[in-house]
Amino acid sequence: MVFLKDDALDFACKLSPDVQNNISQFRDALQRRYGDSRLPEQYREDLANIKKHFKETLPEYAARVENLVCRGYPHLKEINLLNLEVENFLKGLPDQSIACEVKIRKPQSIDDAIEWFNWHECCKGNIFKKRAEVRQIELRSNPSVDISSVDVVIDRVRAVTLRVPIVIEGDYLNAVIDTGAEVTVMSQEKFLKIPEKRRPQIYKAERN
Numbered sequence: 014m015v016f017l018k019d020d021a022l023d024f025a026c027k028l029s030p031d032v033q034n035n036i037s038q039f040r041d042a043l044q045r046r047y048g049d050s051r052l053p054e055q056y057r058e059d060l061a062n063i064k065k066h067f068k069e070t071l072p073e074y075a076a077r078v079e080n081l082v083c084r085g086y087p088h089l090k091e092i093n094l095l096n097l098e099v100e101n102f103l104k105g106l107p108d109q110s111i112a113c114e115v116k117i118r119k120p121q122s123i124d125d126a127i128e129w130f131n132w133h134e135c136c137k138g139n140i141f142k143k144r145a146e147v148r149q150i151e152l153r154s155n156p157s158v159d160i161s162s163v164d165v166v167i168d169r170v171r172a173v174t175l176r177v178p179i180v181i182e183g184d185y186l187n188a189v190i191d192t193g194a195e196v197t198v199m200s201q202e203k204f205l206k207i208p209e210k211r212r213p214q215i216y217k218a219e220r221n
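Take 14 as the starting number for the sequence shown in the numbering used here and just add one per residue.
Quick look at the structure:
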């Protein structure tokens, strides 16, 4: 092992005697440890241009980001690595409107970012789904309307309920959004789960 020095020599000395005495195994161990000849600057360049692939799942994309950050910044502290992972993960997402919403939440790790991204994507999906359900177009009452000049004409809407996921004290719920409601209604069970110090004051409802 006289041809090795510094970190390589320390690494070789920690190998088992069986590996040290077997040329093939010794070479494979060194290849696994030092086989990557790319410089950190090259990994940082890849990171600067990273984008999520179309068929790539979020965990697969996250793993790719983590690998590039680790190899591009080998001497950074863990907390700084986590921040870089989240920043680059969000930067490469195709839907930057959701990425901005996730960034506002200040996720502490990529796992947090994935959770918030899925939550916001679910909210956005529900809204588009409800819009798609609003399809009743009445032209009989106004035949002068030129349908080619508009995207959608809505004359009457029946029984459209908008539900969106919300979080109350860590519980994920589906809430019904009613823009005309004068009161907010929730079950007593969920209300009592809110810590008493943060529980909103309630008043007896009165009819006019």
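Note that beta-carbon positions come from the ideal geometry of N, C-alpha and C, so glycine has one too.
inquiry  = Based on DSSP bridge pairs, tell me the residues matched to residue 185.
reply    = 180
task = Go through its chain and collect everything with a Cβ distance to residue 74's Cβ below 6 Å, but skip five positions before and after it.
result = 65
query = When burial is assigned at 16 or more other CB atoms within 10 Å of the CB, is residue 85 buried or exposed?
reply = buried
key: Inter-residue spacing [alpha-carbon to alpha-carbon] between residue 52 and residue 69   = 26 Å
request  = Tell me where the alpha helix (DSSP H) around residue 56 begins and ends.
outcome  = 53-61
request  = Work out the CA separation of residue 108 and residue 134 for me, nearest whole Å.
outcome  = 9 Å
inquiry  = Run through the DSSP bridge pairs and tell me what residue 175 is partnered with.
reply    = 190
query = So, helix, strand or coil for residue 23, using DSSP?
reply = helix
key: For residue 78 and residue 39, believed in contact at Cβ under 8 Å, the rounded distance   = That pair is no contact at about 33 Å.
task = Ignore the nearest five residues each way along the sequence and tell me which others in residue 81's own chain have a CB closer than 6 Å to its CB.
result = 56, 59 and 60
key: Three-way DSSP call (helix, strand, coil) for residue 105 in this model   = coil
query = Looking only at its own chain, which residues have a Cβ that is under 6 Å from the Cβ of residue 71, when we skip the five neighbours before and after it?
reply = 127
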